Amino acid sequence: MTDAPILPCPPLDAGLLSGRTVDLERLEILRHGPGLWRAIGHDDPLWRWIPSGPFADEAAFTDWLADRCERFNQSLYAVMDKTADRPTPAGLYMALNINPDAGVTEVGLTLGPALARRAGGTEAFLLIADYIMSSGYRRLEWRCSPENEASSRAARRFGFTLEGVLRQTYWLKGGNWDTEVHSILDREWPAIARRLRGWLAADNFDPRGQQIRPLSSF
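Using this note's numbering, the final residue of the sequence shown is 1171, and nothing's skipped along the way.
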């Protein structure tokens, strides 16, 4: 018999999640907004398969961030790249549709080129997912359009299980959007976390930052 969860779960309001190559800092518009605009906001193709964006200008992007920060069921984090000369905003991670009563939340992200397909993007996911799961949440979701092949691949790489496709969930950007639903359950997370930590270990990367063993070997 499965032990009963302790519900409701606590709010997801940590100020800092610290890692080796990246930190996740709770989003502050004045501090992080300009850097995030340069990293992700102005890059229209990044937003093709994301419900929000693209943005006409920095003011529109900042307004969108501000609106998101004010929503009671969301928690936004700037991904700070620590491999640069100084920590620099390089992407955005979000806990979405946070439901403490059920112990369920969704994770969303937009990563700039300094993080995409690099160790920092994986470490950022590990930081936020481990924070969520260690806070007692029972289920972590990842949702994306089936046409967003990069996002679907990332979900599988991070250890999510594809549960299915919800048809015509949205009308966005001039067309019907289906939604792939992926999940990680609390009982699955310890093994997934060990696998990600093994790959992210400093001794798995050479001096140029290239992996020695691929994630698939862990």
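For glycine and all other residues, C-beta sits at the position ideal for the given N, C-alpha and C. In this text, all values refer to a predicted model and were calculated from it rather than measured experimentally.
Straight-line Cα distance separating E1133 from T1058: The residue labelled residue 1058 in the question sits at position 105 within the sequence shown. The residue labelled residue 1133 in the question sits at position 180 within the sequence shown. C-alpha separation (whole angstroms): 15 Å.
For E1100, does the three-state DSSP call read helix, strand or coil? On the sequence shown, position 147 is the one that residue 1100 refers to. Per DSSP, reduced to three states, the secondary structure at E1100 is coil, with no helix or strand assignment.
Taking 7 Å as the limit between beta carbons, can you name the residues of its chain near L1119, skipping five residues before and five after? Mapped onto the sequence shown, residue 1119 falls at position 166. Counting only Cβ-Cβ distances below 7 Å, and skipping sequence neighbours, we find D1131, T1132, V1134.
Which value, in whole angstroms, describes the spacing of the CA atoms of L989 and R973? The count along the sequence shown starts at 1 and reaches residue 989 at position 36. The count along the sequence shown starts at 1 and reaches residue 973 at position 20. Distance from the CA atom of L989 to the CA atom of R973, rounded to whole angstroms, is 20 Å.
State the CB to CB distance for the pair G1056 and R1092, rounded to an integer number of angstroms; the pair is presumed to be in contact (CB under 8 Å). For the purposes of this step, residue 1056 is identified with residue 103 of the sequence shown, where counting begins at 1. For the purposes of this step, residue 1092 is identified with residue 139 of the sequence shown, where counting begins at 1. Indeed, because the Cβ distance is near 7 Å, the residues count as touching under 8 Å.
Pairing CB atoms from the region 1075-1085 with CB atoms from the region 1145-1164, are three or more of them under 8 Å? Counting C-beta pairs closer than 8 Å gives three or more between the region 1075-1085 and the region 1145-1164, which meets the contact rule.
Looking at P1007 and D997, is the spacing between their C-beta atoms short of 8 Å? As a working mapping, residue 997 is identified with position 44 in the sequence shown. As a working mapping, residue 1007 is identified with position 54 in the sequence shown. P1007 is positioned such that its CB atom lies closer than 8 Å to that of D997.
Quick one: what's got a C-beta closer than 6 Å to P963's C-beta in the same chain, skipping five residues either side? As a position in the sequence shown, residue 963 is number 10, starting the count at 1. Excluding sequence neighbours, P963 sits near S1088.
Assumed close pair A992, A1043 - CB separation to whole angstroms, cut-off 8 Å: For the purposes of this step, residue 992 is taken as the residue at position 39 of the sequence shown. For the purposes of this step, residue 1043 is taken as the residue at position 90 of the sequence shown. Correct: roughly 5 Å between the Cβ atoms.
Note the first and the last residue of the continuous beta strand (DSSP E) segment covering A1048. Taking the first residue of the sequence shown as position 1, residue 1048 is located at position 95. Segment 1041-1052, the beta strand (DSSP E) holding A1048.
For G1006, three-class secondary structure by DSSP: Within the sequence shown, numbered from 1, the residue matching residue 1006 stands at position 53. G1006: coil per DSSP, three-state reduction.
Residue span of the beta strand (DSSP E) that contains W1000, given as start and end: Sequence index remark: in the sequence shown, residue 1000 carries index 47 (1-based). Segment: none, W1000 is in no beta strand (DSSP E) and carries neither H nor E.
Ends of the beta strand (DSSP E) at L1125? Locating residue 1125 in the sequence shown gives position 172, where the first residue counts as 1. Looking at the DSSP string, the run of the beta strand (DSSP E) that includes L1125 is 1114-1125.
Candidates R1024, G1074, N1052, of which the one nearest A1046 by Cα: Residue 1046 sits at position 93 when you count from the first residue of the sequence shown. Here residue 1046 turns out to be Tyr, not Ala, going by the sequence shown. Considering only alpha carbons, the answer is G1074.
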